[in-house]
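Peer 1: Quick note on our numbering: the sequence shown kicks off at 292 and runs consecutively. Don't be surprised by glycine CBs; every beta carbon is placed ideally from N, CA and C.
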Amino acid sequence: MQTPTLDHGPILQTAFSFWSSKVLLTAVEFDLFTTLGTRRLTGTELGAELALHPRAISDFFDSLVAMKFLDRDGDGPTSIYFNTPASALFLDRTSPRYIGGMLIMLNDRLFKFWNDLPTALRTGSPQNEVKHGQKGIFEELYSEIPKLEQFMGAMAGLSRINFETLAHKFDFSKYKTLCDIGGATGLLSIEAAKQHPTLKCISFDLPPVAPIASRHIAAAGLADRITTASGDFFKDPLPKADVITMGMILHDWNLEKKMHLIRAAYDALPPGGALIAIEALIDDQRRENLMGLLMSLNMLIEFGDAFDYSGADFRGWCAEVGFTRFEVIHLAGPSSAAIAYK
Ligand SMILES: C[S@@+](CC[C@H](N)C(=O)[O-])C[C@H]1O[C@@H](n2cnc3c(N)ncnc32)[C@H](O)[C@@H]1O
């Protein structure tokens with residue numbers, strides 16, 4: 292009998308993947324894709340604009356070419372670099388579909404916190420800024436405007452495509468009002484209001500977030516249909532609405548707090564109303580959605596006792612509170628919307 296040939300490639304690919312991750316994150320930190328924009332530059336020209344050492348230029352840019360985040364015409368020193376269509380769309384800061392905010396936060400915060408994964412696995416304790424201070428993560432991040440803006444940019448980067456897809460796939464036409472809990476920049480409300488011209492929305496978040504949301508809502512020209520509301524969702528009742536959305540909210544908390552939020556949503560909804568949770572929902576058997584599972588490890592690193600969950604978990608918790616009907620709609624990539632109807 293022949294021994295099957297086993298491939299060690301996947302082991303090495305995963306083991307070394309932090310190298311490619313760091314190259315892409317650094318390119319975004321240097322704003323390489325925005326600097327290039329629609330131009331076509333030699334390595335020397337682009338390297339000079341980014342203030343790179345000559346030794347670094349071709350290895351850095353050609354790694355990005357090999358990863359297909361940059362394109363190149365020709366070979367050698369006279370070759371010309373330019374953005375791929377996807378890099379131009381998602382990584383050029385001037386594009387309306389820029390998602391680089393998430394990559395900035397990955398590079399600035401999470402890259403170093405994940406180095407302490409072993410400690411998190413042994414202690415169950417957060418490994419972020421909270422480790423060295425007394426404050427909770429949101430208090431810590433929101434204590435300085437640049438940190439708050441960075442977090443808001445990261446959330447918009449990660450959620451933009453999910454919210455666009457939700458606005459297309461979920462039938463909001465049956466409902467008059469929406470309240471987005473932990474609405475951050477107001478992006479979910481903006482996407483839903485853009486697609487559904489009669490929908491009125493509230494973006495609810497902690498007080499420091501309101502000015503940022505108001506700025507984005509005004510820039511989208513939707514201030515007549517989207518308002519902001521400030522409060523603490525553990526202390527204040529949620530604003531009443533036909534649809535309550537929670538984008539990456541439940542995964543930030545332990546089970547007791549998750550249940551508090553689900554009950555608060557139930558109380559704020561009318562009969563027939565819908566609670567929609569948008570997450571990298573883990574598949575029910577916990578075998579497939581690697582991003583959901585890694586996101587849950589990230590919640591260990593950020594919060595300690597917080598965790599991501601499956602559609603079946605969501606359904607069980609919502610049924611306990613009184614919701615009667617459930618569905619899951621796939622959004623983009625690893626993300627889905629878990630929906631419970633009252
Ligand atoms: C992980 S972010 C998600 C942002 C956005 N929903 C999305 O999916 O991109 C969590 C949001 O919850 C908000 N938040 C955290 N604690 C809160 C509280 N106690 N009351 C209200 N909002 C809170 C944060 O300010 C932040 O905007």
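1) Could you check where the beta strand (DSSP E) with Ile540 kicks off and where it finishes?
2) Please report how far the alpha carbon of Ala484 lies from the alpha carbon of Ser450, in whole angstroms.
3) If you measure from the CB of Ala631, is any heavy atom of ligand 1 nearer than 7 Å?
4) For Ser627, which residues of its own chain have a beta-carbon under 6 Å away from its beta-carbon, when the five flanking residues on both sides are left out?
5) Have a look at His487 and Phe463 and give me their C-alpha separation to the nearest angstrom.
6) Given a cut-off of 8 Å on the beta-carbon distance, is the pair Ile508 and Gly448 in contact?
7) Enumerate in chain order the residues of its own chain whose CB-to-CB distance from Thr468 is below 6 Å, with the five nearest sequence positions on each side excluded.
8) Do Ala501 and ligand 1 come close, with the Cβ less than 7 Å from some heavy atom?
9) Just verifying my parser: in three-state terms, what is the DSSP assignment at Tyr632?
10) Is the separation between the beta-carbon of Ser521 and that of Asp496 shorter than 8 Å?
11) Is Gly595 near ligand 3, judged by its Cβ being under 7 Å from some heavy atom?
12) Between the Cα of Ala603 and the Cα atoms of Ala458, Leu585, Ile302 and Gln576, which residue gives the shortest distance?
13) According to DSSP, simplified to helix, strand and coil, what is Ala610?
14) With a CB to CB cut of under 8 Å and the five nearest residues on each side skipped, what residues in its chain are close to Asp364?
15) What's the C-alpha gap between Ser601 and Ser434?
16) Can you look up Leu332 in the DSSP assignment and give me helix, strand or coil?
17) Grab the span of the alpha helix (DSSP H) containing Ala483 for me, first residue to last.
18) Runs of 3 residues minimum, wholly inside the stretch 386 to 465: which ones carry the beta strand (DSSP E) assignment?
19) Within 7 Å: the Cβ of Gly477 and any heavy atom of ligand 1?
20) For Ile302, report the span of its alpha helix (DSSP H) as first-last.
21) Can you determine whether any heavy atom of ligand 1 sits closer than 7 Å to the C-beta of Ser505, and answer yes or no?
22) Can you find at least 3 beta carbon pairs, one from the stretch 587 to 595 and one from the stretch 536 to 550, that sit closer than 8 Å?
23) Can you tell me whether Gln418 is buried or exposed? The criterion is at least 16 other CB atoms within 10 Å of its CB, across all chains shown.
24) Using DSSP's beta-bridge definition, name the partner residues of Ser618.
25) Would you say the stretch 335 to 344 touches the stretch 375 to 385, given that touching needs at least three Cβ pairs under 8 Å?
Peer 2: Quick look at the numbers:
1) Residue numbering aside, residue 540 sits at position 249 when the sequence shown is read from its first letter. It is not in any beta strand (DSSP E) - Ile540 carries neither H nor E in the DSSP assignment.
2) By one-based count along the sequence shown, residue 484 stands at place 193. By one-based count along the sequence shown, residue 450 stands at place 159. One C-alpha to the other measures close to 16 Å.
3) Translated into the one-based positions of the sequence shown, residue 631 becomes position 340. Ala631: no, Cβ never under 7 Å from ligand 1.
4) In the sequence shown, the residue the question calls residue 627 occupies position 336. Answer for Ser627: Leu572, Val619 and His621, listed in chain order.
5) Translated into positions along the sequence shown, residue 487 becomes position 196. Translated into positions along the sequence shown, residue 463 becomes position 172. Taking the straight line joining both Cα atoms gives about 7 Å.
6) One-based indexing of the sequence shown puts residue 508 at position 217. One-based indexing of the sequence shown puts residue 448 at position 157. The answer is no: Cβ separation not under 8 Å.
7) To locate residue 468, count along the sequence shown from 1; it is residue 177. Contacts found: Lys491, Ala532 and Asp533.
8) Taking the first residue of the sequence shown as 1, we reach residue 501 at position 210. Not under cutoff, so the answer is no.
9) By one-based count along the sequence shown, residue 632 stands at place 341. Note: Tyr632 maps to strand in three-state DSSP.
10) Looking up residue 521 in the sequence shown gives position 230. Looking up residue 496 in the sequence shown gives position 205. Yes, these two residues count as a Cβ contact at 8 Å.
11) Ligands displayed in this structure: ligand 1; ligand 3 is not among them.
12) Reading the sequence shown from its first residue, position 312 is the one you call residue 603. The residue from Ala458, Leu585, Ile302 and Gln576 with its alpha-carbon nearest to that of Ala603 is Gln576.
13) Walking along the sequence shown from the start, residue 610 turns up at place 319. Of the three classes helix, strand and coil, the one that applies to Ala610 here is helix, per DSSP.
14) Stepping through the sequence shown from its first residue, residue 364 is reached at position 73. Once the five neighbours on either side are set aside, the close Cβ partners of Asp364 are Arg331, Ser370, Ile371 and Phe373.
15) Counting from one through the sequence shown, the residue named residue 601 turns up at place 310. Counting from one through the sequence shown, the residue named residue 434 turns up at place 143. Going from the Cα of Ser601 to the Cα of Ser434 covers about 33 Å.
16) Position 41 of the sequence shown, counted from the first residue, corresponds to residue 332. Three-state result, Leu332: strand.
17) Position 192 of the sequence shown, counted from the start, is the residue given in the question as residue 483. Leu478 to Gln486 is the span of the alpha helix (DSSP H), which, as asked, contains Ala483.
18) none
19) Reading the sequence shown from its first residue, position 186 is the one you call residue 477. Incorrect: Gly477 has no Cβ contact closer than 7 Å to ligand 1.
20) Reading the sequence shown from its first residue, position 11 is the one you call residue 302. Here the alpha helix (DSSP H) through Ile302 covers Gly300 to Ala306.
21) In the sequence shown, residue 505 corresponds to position 214, counting from 1. Outside the cutoff, so no.
22) yes
23) In the sequence shown, the residue the question calls residue 418 occupies position 127. Looking at its Cβ environment, which holds 16 or more other Cβ atoms inside 10 Å, Gln418 is buried.
24) Here the question's residue 618 lines up with position 327 in the sequence shown. Going by the sequence as given, residue 618 is Glu instead of Ser. According to DSSP, which records beta bridges pairwise, Glu618 is partnered with Ile630.
25) no
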